[in-house]
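Residue numbers (this note's numbering): 17 to 304.
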C-alpha cells in the first residue's frame, strides 16, 4: 500500500491477481480514494498506516470427523471446558461443524508456549466422545485482546480482526467483524453523499465514534468477566455454578443474541449479584 503525501491523491494498492487460477498470480496495482483494511490480525494495511500493535491470544483447534453414532451427540450441543489443564486464562471447546467437530483451546500471550499441552488437555477431557475420530485439519489463529491504538488514519479504516474487534470472555469475532465492516461502509456512503465527494479522516472517524458508542460497554463487561472468572479454578467453579441459574442464562442469552449488554430487572439484578457472591465463596471451597 503506497500512501499519498496529501489529502487529494489516491492510494496505490499492489496485489497479485489469481483470477485465472494460476499459483503465481499476476502483479497488478489499483488506485483508490479510500481503503478499508479487512485483512485479519496480521494486517498489512494496519502496518502500512502505522496503526500500532496489540496484545493477542492464540487459538488452536483440530477439526475431527467422528463416527456417526458419536457425531449424533453434538447434533444440538456445543461444549465449553474450563480449568488449568485446558486453559489458565480462557476456555476450551468442542463445537459441532456440520459433519465434524472443532476441538480446541485458547490462551493469552504468556502461556502460548503451552498451547500443545493445553490441547492435549482438552483431548483428554473429551476423549470418550472423540474415540475413533479422524483429524482432518489443524488450525491456529491469533486473537486480538483489544483494539489497535489507531483504527483510522488518513483515508484508511480498519475493521474486524485488523482493527481488533474480538470480544473478551467469549472470543467471538465473526459477527463483530462483519458488523464493523457494515458500519464503516454505511458511514462512507453517508459522508461521501453516495460517492459525490471523498470522505476525510474526520468522516471515517465517525464510524469509530458510532462503533464505540454501540459496543463499548459490551467489550468492557466481557473484559471484566474474563478477568474475574477465568483467573483460577476457584473462580471457574463459581462461573460454572452461576451458569446453572435460569436468570443468568436468560441475561446471557439475550445479551449474546442482541450483541449488547441487556439490562435486567433491578430485583433480578440484585438476585444475580447475591448469587454471584455466594458462588464465588463456594468456588473457593470447591476448587481442587
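Using N, Cα and C, we set each Cβ at its ideal position, and we do this for glycine too.
- Bounds of the beta strand (DSSP E) holding residue 96 are 95-99.
- Note on residue 255: 16 or more other CB atoms within 10 angstroms of its CB, so buried under the neighbour-count rule.
- In this structure, DSSP gives residue 133 a helical state, which the three-state scheme calls helix.
- Rounded to whole angstroms, the gap between the alpha carbons of residue 112 and residue 239 is 26 Å.
- Note on residue 48: under 16 other CB atoms within 10 angstroms of its CB, so exposed under the neighbour-count rule.
- The beta carbons of residue 223 and residue 200 sit closer together than 8 Å.
- Residue environment analysis places residue 96 among the exposed positions, since fewer than 16 neighbouring C-beta atoms fall within 10 angstroms of its C-beta.
- Within the segment 29-65, the complete beta strand (DSSP E) runs of at least 3 residues fall at 42-48, 51-53.
- The Cβ neighbour count for residue 211, taken over all protein chains shown within 10 Å, is under 16; the residue is labelled exposed.
- Classified as exposed, residue 25 has fewer than 16 neighbouring CB atoms from the shown chains inside 10 Å of its CB.
- If you check the CB distance, residue 252 and residue 99 come in under 8 Å.
- Secondary structure at residue 153: strand, using DSSP grouped into helix, strand and coil.
- By the Cβ criterion, the segment 149-169 is in contact with the segment 215-234, since at least three pairs of Cβ atoms, one from each stretch, lie closer than 8 Å.
- For residue 176, the enclosing alpha helix (DSSP H) has its first and last residue at 176-179.
- By the neighbour-count criterion, in which 16 or more other beta carbons inside 10 Å mark a residue as buried, residue 60 falls on the exposed side.
- In this structure, residue 135 lies away from residue 122, with their beta-carbon atoms at least 8 Å apart.
- Annotation: the continuous beta strand (DSSP E) that includes residue 113 extends over 103-113.
- Shown here, residue 123 sits in a strand according to DSSP, grouped into three states.
- With respect to residue 28, residue 42 sits apart: the two C-beta atoms are not nearer than 8 Å.
- For residue 277, the three-state secondary structure derived from DSSP is coil.
- In this chain, the alpha helix (DSSP H) harbouring residue 242 covers 217-245.
- Within the same chain, and ignoring the five residues on either side of residue 226 in sequence, the residues whose Cβ sits closer than 8 Å to its Cβ are 199, 203.
- CA-CA distance, residue 215 to residue 206, rounds to 9 Å.
- 133 is the residue among 93, 87, 133 whose C-alpha sits nearest the C-alpha of residue 77.
- DSSP places residue 202 in no beta strand (DSSP E) but in the uninterrupted alpha helix (DSSP H) bounded by 190-207.
- Of all alpha-carbon atoms in 94, 62, 249, 158, the one lying nearest the alpha-carbon of residue 179 is that of 62.
- In this structure, the beta-carbon distance from residue 104 to residue 127 falls below 8 Å.
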